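This report refers to the structure that appears directly beneath it.
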Amino acid sequence: MTTVTSPLTGKAVPLTAVPDPVFSQAMVGPGTAIDPDRAPGTAVAPVDGVVVSLHPYAFVVVDAGGHGVLTHLGIDTVQLNGEGFELLAHKGDRVIRGQGLVRWDPAAVEAAGKSPLSPVVALEAGARALSALVESGAVRAGDKLFDWS
Numbered sequence: 002m003t004t005v006t007s008p009l010t011g012k013a014v015p016l017t018a019v020p021d022p023v024f025s026q027a028m029v030g031p032g033t034a035i036d037p038d039r040a041p042g043t044a045v046a047p048v049d050g051v052v053v054s055l056h057p058y059a060f061v062v063v064d065a066g067g068h069g070v071l072t073h074l075g076i077d078t079v080q081l082n083g084e085g086f087e088l089l090a091h092k093g094d095r096v097i098r099g100q101g102l103v104r105w106d107p108a109a110v111e112a113a114g115k116s117p118l119s120p121v122v123a124l125e126a127g128a129r130a131l132s133a134l135v136e137s138g139a140v141r142a143g144d145k146l147f148d149w150s
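With the numbering used here, the residue at position 57 of the sequence shown is 58, and numbering never jumps.
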């Protein structure tokens, strides 16, 4: 079993609230989303593992069991061309849960006309693979979001 923790501090919301059908319809996998606090902050690793994909707006960490967790920082943020994002790690790095991966400012993302809602997705997981899913309420970076079996 893999426990996935929040990469951000904010408020948990259901994936269905994300304004992008790829996420709201769970096309890449089930999960939840974080409506981040509107202050500069750092997105952290949601699991111990290896960074297999790292962009200013998104990252994937795969744990020892092969579970890949995608964190997407905002919606359509690829269109910002990395502006306002600072990478703190590299593809291929071994990371521990809670380690900073990307520094960003959700308020600046919102000011640029993009949604700061940030999906946290269990890549290629079946809908029934997740348990104890948190889809509402305040969360801090490092708080449990779901278990993946």
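Virtual Cβ for every residue (Gly too), placed ideally from N, Cα, C. Just so it is clear, the structure is predicted and the values come from calculations on it, not from any experiment.
Beta-ladder partner(s) of residue i, from DSSP
i, result
"H56", "A59"
"T10", "Paired residue(s): none; T10 is not in a bridge."
"F147", "V5"
"G50", "V96"
"P120", "A34"
"A139", "K12"
Residue i versus residue j: straight-line alpha-carbon distance, rounded
i, j, result
"A13", "G69", "20 Å"
"T151", "E111", "Outside the shown range of the chain (2 to 150) lies residue 151, about which nothing can therefore be said."
"G101", "V45", "4 Å"
"V5", "V51", "14 Å"
"W105", "D21", "20 Å"
"G85", "S132", "34 Å"
"A108", "H73", "16 Å"
"H91", "D144", "24 Å"
"I35", "V48", "16 Å"
"V79", "R129", "30 Å"
"G83", "P37", "18 Å"
"G93", "L55", "9 Å"
"V53", "L88", "14 Å"
"R95", "G67", "14 Å"
"L81", "A65", "32 Å"
"T43", "L124", "22 Å"
"V62", "G99", "12 Å"
"L146", "P15", "11 Å"
"R39", "T17", "21 Å"
"G75", "I97", "23 Å"
Expected contact under 8 Å - CB spacing of residue i and residue j to nearest Å
i, j, result
"V122", "F60", "Not quite, the Cβ-Cβ distance comes to about 12 Å (not below 8 Å), so this is no contact."
"G71", "V140", "Residue 71 is actually Leu in this sequence, not Gly. L71 to V140, Cβ: 17 Å. No contact."
"P120", "V19", "5 Å"
"P8", "A142", "6 Å"
"M2", "S150", "5 Å"
Pair within 7 Å by beta-carbon distance, residue i and residue j
i, j, result
"V135", "T33", "yes"
"D148", "K115", "no"
"A126", "P57", "no"
Going residue by residue through the segment 74 to 118, where are the continuous beta strand (DSSP E) segments of at least 3 residues, counting only ones entirely within it? 101 to 105
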